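S.K.: Here it is, the structure, as structure tokens.
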Amino acid sequence: MYCDFYTITYEKNSIPQFLNAIVSEIERCELDTLNWIIDTLFIGGGTPSLLDSKSIEVILKVLQKNYDLSNIQEFTIEINPGESSLHQLRNFRGLGINRISIGVQSLEPELLKFLTRNHSIDDIYKTYNHARIAGFDNINFDLLYNIPGQTIEQWKRNLERIIMLDPAHISAYALIVEKGTELHQLVHDGKVSIPGDPDGTTWLSFTTKYLSDHGFSPYEISSFTQPGQECRHNLHYWRMEPCLAFGPSAHGFDGHRRWKNVSSMQDYLDKIKNGESPVVFTEELNYKNILNEKVGFGIRMTEGVDLKKIQQPELSMLKLNLEKSEKMWPGCIVKNNEHLKLSEKGILFADSIAVDLMIG
Amino acid sequence: MKKSCLRNFSIIAHIDHGKSTLADRLLEATKTVSSKDMRNQILDSMDLERERGITIKSHPIQMQYNHSDEQSYILNLIDTPGHVDFSYEVSRSLAACEGALLLVDAAQGVEAQTVSNAFLAIDNDLVIIPIINKVDLASARIDDVKMQIMELIGCIDDEIILASAKDGIGIQDIFNAIIDRIPAPNINDDAPTRALIFDSTYDNYRGVIPYVRVFDGTLKKGMTAQFSAHDESYEITEVGHFVLKQVQTNELRSGDVGYVVGSIRDMGHIEPGATLTTKENPAPEPLPGYKKMKPMVFSGLYPVDADDYDQLRVALEKLKLNDASLEFTPETSEALGFGFRCGFLGLLHMEIVQERLEREFNLILVTTTPNVVYQVHLRDGSIIEVDTPAQMPLFGEIDEILEPMVSAEIIAPNDYIGSIMKLCQKKRGKYKNTNYFSPEKAQIHYDLPLGEIIFDFYDKLKSLSRGYASLDYEFKKFSIANLKKLDILIHGEPVDALSIICHADDAYRRGVALCSKLKELIPRQMFEVVIQAALNNRIIARTTVKALRKNVTAKCYGGDITRKRKLWEKQKKGKKRMKMIGKIEIPQEALLAVLQIDDD
Ligand SMILES: Nc1nc2c(ncn2[C@@H]2O[C@H](COP(=O)(O)OP(=O)(O)O)[C@@H](O)[C@H]2O)c(=O)[nH]1
Ligand SMILES: [Mg+2]
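In order, the protein sequence lines correspond to chains A and B. Counting from 1, one number per residue, gives the positions in the first sequence under the working numbering. Counting from 1001, one number per residue, gives the positions in the second sequence under the working numbering.
Laid out in structure tokens, this is it:
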């Protein structure tokens, strides 16, 4: 069994209060984790690099008191370009943080502006250089495609420049127009438009091919890695393994139950102060939900879904759906060695295929 | 108990005129239901009945009534459904009674099922007690409605009771009329036993339970039941009456209404209309029974999950026990696999059956486009009945096709006659005549092809008359028509479940409309889907469903997992009623697309 941690912080002036709160949340946690082997830690969400190393140290101390952290292999922090000084990055490294994930998004100034990101191209290079100097070998870049106004040529140019920095890992996501966002309104009003797929290919196929050709193998639909540098933490998520989570908006999972903390910092602080639980949502998963998650997220990975690990009666149900889906999605589904996977073509329809494989 | 103290009666009326509400008042007045158990339309016990606000099944119930003559009477009431599809239920109930309360809404007046039910009662030699209900309404037109009723059943003014089931007005008059006007059943307990089976249910522990009206002789625990329809016999282990629930009694005697238990496991053995007798006192001749209603509307029922086929068969058998008009035979469709071709009395009946199968037996089903039964005369001189378009012989083998015609009766206020006639004309109707019940209310007769009216005719009629027109129809004969089979091809392959039979003049319009409706209803798939309509192997319409766009992959971390799974599971639900046809997934709505085509 595995486990990881997740924290979120916001404004600087609330840091002391926040530290108190998260410390008491950790101390109050009653989850039975005796059999867990905790091997990854992740500090992410919001702007975690606003937390200085002292604060992180406080959190680590209390974690150490409550959990066995001797098996940690991957300890990641998410940072935005321009937010952390070399000094701070050195301190992070000193605390044992060994992986850094930089939210680059794009190397085109006008696209960054459209995305309302405050960092400059210069910030990106500066933060990257500082991370290297501070001793981080395991660097990830987060990139976005499918941005209004973005061309495939720009995207290719960005990938080229990113590859020249020799990161361990690249995450490339499509920008999604979600209901209720400003972008959705803009698209709805016809003020901006989402670029369609480029001629003769798709953003995803292009990205996958380009990165593979340059030594970054895809192991998940939006994750590309140099040999042996897969993000263990994210693999835990996608393999539906348990995860502890602390802080506002944190999401945890114990193998059967998922829960979510309140997302507003103020509400989080208030609840902890009043001795209440910060959890605002919990969900008990039934065997179908668990299978559906395993399948839906499993087929997004190159390792696929290991059918040998699925029990009856779910397995029979899944196999029935599989038979049907193979007909509907010719050339998309691959089954070998009792592993269910998607072909290159299938990956393009991963969500639709997931729905058809799912048990109802 | 003296037999003269027994009364068996039904309440008959057009839908919504207040049968179930009146039944509530009678149950209350006789304290059959304690006030704490009382709720509105209490006899409508099926969930489906309560949700839809209609009575689907006949419900028998016994009441004890203390009359002003200081006698205690046993009243057996059978509440009946009012929709045209369920007139079979009505006729079965009436055969078990000596009298009927004919309820007419004071504002609506006589409507189509008022007429057809009144005639059923007259045919069964029942005493009719005419009642005008809802006299509390400001819109009540009592004098006009009285005139309509007198015209209909030939009674006199004084015989008509004014009532409000809602406000409890006229209830005492109704009790008096039940006691004074409805004859007590004949007593002949010593005669050979003859009991009419008018309904039955299935109980997992006690087997099939027939509902009977005993006409002659007696039924008791320990006797051996025999049936007119087959040779099996069963030991009777219990008899009883209906007092909301089944209540055990010592015996059922002539005139009684009740149920019989005898570990009857074979559901095919009990058929409503059959006569139950006993080995102890066997009757040489069965009771007349009643005319079997022949289903006229057919559709295929298929389990979404092929493994549910056997379960569907058992469910249909059980349902048939108390829905004798339902017919089914196994059918195989190239597109849909194994299922049943089912015969129904009408579209509402079909909907109700599907819904009951799903709810009461936990099945998920798809239904195919309903159609009527055709008589096909072949070149070689033989005649076959075709109840599914897929079975239609090849064009070259057919001499002529006959379709069922019904004689339809539409009752409506004068103002709407013009538009009603237009509608009937459009549906290939043949005008017969018009009568008047009163200066304001007309009764229009048409001969109409059943195939034209099973779909949206009733809805159209209701909307053009603002709900004031009502319809009743009965099968008349088969007559020759210029009919064609319209095939729907998907990827060049005809899909049997989508074929329809329609009039030649209508085929082109329908072909085009069907193609564009299917285009709307079939979701995008991985590849482009070509839909074509063909008449005698010639393509008359073609359209395509564009291929599915690729999915977009968003960032997906801890918090997104639940959200994403829920979205997937929601989409999965939406696809529940999908059937694979070849490599294409077709939703239930697409199979019924023809019902959604607009005529105009
Ligand atoms: N105003 C009024 N409404 C009534 C009366 N009797 C029944 N109703 C209403 O008419 C509707 C149909 O009644 P219901 O008993 O279900 O009719 P059924 O279809 O004949 O069984 C319901 O909304 C009743 O509340 C009455 O005497 N007066
Ligand atoms: Mg009713």
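Glycine included, C-beta positions come from ideal geometry on N, C-alpha and C. Predicted model only: the values in this text are computed from it and were never measured.
For G1170/B, which of T1114/B, P1288/B, L1022/B has the nearest alpha-carbon?
M.R.: Here residue 1170/B refers to the residue found at position 170 when the second sequence is read from its first residue. Considering only alpha carbons, the answer is L1022/B.
S.K.: Within 10 angstroms of the Cβ of A1274/B, are there 16 or more other Cβ atoms? Answer buried if so, exposed if not.
M.R.: Locating residue 1274/B in the second sequence gives position 274, counting from the first residue. When all chains shown are included, A1274/B counts as buried.
S.K.: Quick one: which residues of the stretch 180-198 of chain A get their C-beta closer than 8 angstroms to a C-beta of chain B? List them in chain order.
M.R.: Hits within the stretch, in order: D197.
S.K.: For A1195/B, tell me which candidate among T1201/B, V1257/B, P1183/B, E1151/B has the shortest Cα-Cα distance.
M.R.: Taking the first residue of the second sequence as position 1, residue 1195/B is located at position 195. When each option's Cα is compared against that of A1195/B, the closest is V1257/B.
S.K.: So Y219/A is in the beta strand (DSSP E); what residue range does that whole segment cover?
M.R.: The residue you call residue 219/A lines up with position 219 of the first sequence. First-last of the beta strand (DSSP E) with Y219/A: 217-220.
S.K.: Using a Cβ-Cβ cut-off of 8 angstroms (strictly less than) and excluding sequence neighbours within five positions of A1442/B, which residues of its own chain qualify?
M.R.: Here residue 1442/B refers to the residue found at position 442 when the second sequence is read from its first residue. For A1442/B, where only same-chain residues beyond five positions count, the Cβ hits under 8 angstroms are I1411, A1412, P1413, N1414, I1417, T1434, N1435, Y1436.
S.K.: Does the separation of the CB atoms of R1181/B and V1127/B fall below 8 angstroms?
M.R.: Residue mapping note: residue 1181/B aligns to position 181 of the second sequence, counting from 1. Residue mapping note: residue 1127/B aligns to position 127 of the second sequence, counting from 1. Cβ distance < 8 angstroms, so R1181/B and V1127/B count as in contact.
S.K.: Hey, how far is the Cα of M1421/B from the Cα of D1447/B?
M.R.: The residue labelled residue 1421/B in the question sits at position 421 within the second sequence. The residue labelled residue 1447/B in the question sits at position 447 within the second sequence. Distance between the alpha carbons of M1421/B and D1447/B: 12 angstroms.
S.K.: I want to see whether chain B comes within less than 8 angstroms of E283/A, judged by CB atoms only; does it?
M.R.: Within the first sequence, numbered from 1, the residue matching residue 283/A stands at position 283. Yes, because at least one Cβ of chain B sits closer than 8 angstroms to the Cβ of E283/A.
S.K.: Within the stretch 112-150 of chain A, note down every full alpha helix (DSSP H) run reaching 4 residues or more, in order along the chain.
M.R.: 121-134
S.K.: Using the three-state DSSP reduction, which class does K1626/B fall into: helix, strand or coil?
M.R.: Absent from the model: residue 1626/B. The displayed extent of chain B is 1001 to 1600, so no value can be given.
S.K.: Output needed for V1304/B: all residues of its chain with C-beta closer than 8 angstroms, excluding positions within five of it in sequence on either side, in chain order.
M.R.: The count along the second sequence starts at 1 and reaches residue 1304/B at position 304. For V1304/B, where only same-chain residues beyond five positions count, the Cβ hits under 8 angstroms are I1364, L1365, V1366, K1576, R1577, M1578, K1579.
S.K.: Report yes if the C-beta of N1133/B is less than 7 angstroms from at least one heavy atom of ligand 1; otherwise report no.
M.R.: Stepping through the second sequence from its first residue, residue 1133/B is reached at position 133. Flag set: Cβ of N1133/B near ligand 1.
S.K.: Alpha carbon to alpha carbon, what distance is there between E314/A and L1591/B?
M.R.: Working through the second sequence from its first residue, we reach residue 1591/B at position 591. Working through the first sequence from its first residue, we reach residue 314/A at position 314. One Cα belongs to L1591/B, the other to E314/A, and the distance between them is close to 30 angstroms.
S.K.: Thinking just about the alpha-carbon of each residue, which of F136/A, N146/A, C231/A is nearest to the one in I170/A?
M.R.: In the first sequence, residue 170/A corresponds to position 170, counting from 1. Among F136/A, N146/A, C231/A, the Cα nearest to that of I170/A belongs to C231/A.
S.K.: For ligand 1, any of its heavy atoms closer than 7 angstroms to the Cβ of D1167/B?
M.R.: On the second sequence, residue 1167/B is found 167 positions in, with the first residue counted as 1. Within the cutoff, so yes.
S.K.: Is there at least one non-hydrogen atom of ligand 1 closer than 7 angstroms to the beta-carbon of Q1172/B?
M.R.: Looking up residue 1172/B in the second sequence gives position 172. Incorrect: Q1172/B has no Cβ contact closer than 7 angstroms to ligand 1.
S.K.: How many Å lie between I1264/B and L1321/B at the Cα?
M.R.: Sequence index remark: in the second sequence, residue 1264/B carries index 264 (1-based). Sequence index remark: in the second sequence, residue 1321/B carries index 321 (1-based). I1264/B and L1321/B: Cα-Cα distance of roughly 12 angstroms.
S.K.: Look up T1369/B in the DSSP assignment and say whether it is helix, strand or coil.
M.R.: Working through the second sequence from its first residue, we reach residue 1369/B at position 369. It is coil, neither helix nor strand.
S.K.: Per DSSP, G1343/B forms a beta bridge with which residues?
M.R.: Here residue 1343/B refers to the residue found at position 343 when the second sequence is read from its first residue. Paired residues: F1298/B, E1327/B.
S.K.: Identify each residue in the stretch 101-128 of chain A for which the Cβ-Cβ distance to at least one residue of chain B is less than 7 angstroms, and report them in chain order.
M.R.: Interface annotation for the stretch 101-128 of chain A against chain B: empty, criterion Cβ-Cβ distance under 7 angstroms.
S.K.: Quick check on the burial criterion: 16 or more other C-beta atoms within 10 angstroms. Buried or exposed for D1024/B?
M.R.: In the second sequence, counting from the first residue as 1, residue 1024/B sits at position 24. By the neighbour-count rule (16 or more Cβ atoms within 10 Å), D1024/B is buried.
S.K.: Identify, in the order they occur along the chain, each residue of the same chain with its Cβ nearer than 6 angstroms to the Cβ of R1259/B, setting aside the five sequence neighbours on each side.
M.R.: As a working mapping, residue 1259/B is identified with position 259 in the second sequence. Per the sequence shown, the amino acid found at residue 1259/B is Tyr instead of Arg. Correct list, in chain order: I1209, Y1211, G1240, Q1246.
S.K.: Which residue marks the beginning of the beta strand (DSSP E) containing T1249/B, and which one marks its end?
M.R.: By one-based count along the second sequence, residue 1249/B stands at place 249. Note, T1249/B: beta strand (DSSP E), 1245-1249.
S.K.: Show which residues of chain B have a CB atom less than 8 angstroms away from the CB atom of T202/A.
M.R.: The residue given as residue 202/A occupies position 202 in the first sequence. Near T202/A (Cβ distances below 8 angstroms), the residues of chain B are K1550.
S.K.: Taking 7 angstroms as the cut-off, is the beta-carbon of T1663/B closer than that to any non-hydrogen atom of ligand 1?
M.R.: Outside the modelled stretch of chain B, which goes from 1001 to 1600, sits residue 1663/B, for which no answer is possible.
S.K.: When we look at the beta-carbon of N1076/B and count the other beta-carbons within 10 Å, is it buried (16 or more) or exposed?
M.R.: Here the question's residue 1076/B lines up with position 76 in the second sequence. In summary, N1076/B is buried, with 16 or more beta-carbon neighbours lying within 10 Å of its beta-carbon over all protein chains present.
S.K.: Residue range of the beta strand (DSSP E) that D1216/B falls in?
M.R.: The residue labelled residue 1216/B in the question sits at position 216 within the second sequence. From DSSP, the beta strand (DSSP E) with D1216/B extends over 1207-1216.
S.K.: Does R1565/B come within less than 8 angstroms of chain A when only Cβ atoms are used?
M.R.: Here residue 1565/B corresponds to residue number 565 of the second sequence, with the count starting at 1. Cβ-Cβ to chain A under 8 angstroms: yes for R1565/B.
S.K.: Apply the 10 Å Cβ neighbour rule to K308/A and answer buried if 16 or more other Cβ atoms are within range, or exposed otherwise.
M.R.: For the purposes of this step, residue 308/A is taken as the residue at position 308 of the first sequence. By the neighbour-count criterion, in which a residue is buried when 16 or more other Cβ atoms sit within 10 angstroms of its Cβ, K308/A is exposed.
S.K.: So F297/A contacts chain B; which residues on that side make the cut at Cβ distance below 9 angstroms?
M.R.: As a first step, residue 297/A must be located in the first sequence, where it is residue number 297. Correct list: C1556, I1561, K1564, R1565.
S.K.: With distances taken from CA atoms, which of P1449/B, P1404/B, S1438/B is nearest Q1425/B?
M.R.: As a working note, residue 1425/B is residue 425 in the second sequence. Among P1449/B, P1404/B, S1438/B, the Cα nearest to that of Q1425/B is on P1449/B.
S.K.: Judging by CA-CA distance, which residue of L1483/B, I1586/B, L1423/B, E1327/B is the nearest neighbour of L1517/B?
M.R.: Counting from 1 along the second sequence, the entry for residue 1517/B is found at position 517. Leu is not the amino acid found at residue 1517/B; the sequence shown has Lys there. When only C-alpha atoms are compared, the closest one is I1586/B.
S.K.: With a threshold of 8 angstroms, are at least 3 pairs of Cβ atoms found where one atom belongs to the stretch 63-70 of chain A and the other to the stretch 117-128 of chain A?
M.R.: no
S.K.: Could you have a look at E1111/B and say whether DSSP puts it in helix, strand or coil?
M.R.: Against the second sequence, residue 1111/B aligns to sequence position 111. Looking at E1111/B - three-state DSSP - the assignment turns out to be coil, as it is neither helix nor strand.
S.K.: Looking at the C-beta of E1334/B, does it have a partner C-beta in chain A at a distance below 8 angstroms?
M.R.: Taking the second sequence and counting its residues from 1, the one referred to as residue 1334/B is at position 334. No, E1334/B lies away from the interface with chain A (no Cβ there is under 8 angstroms from its Cβ).
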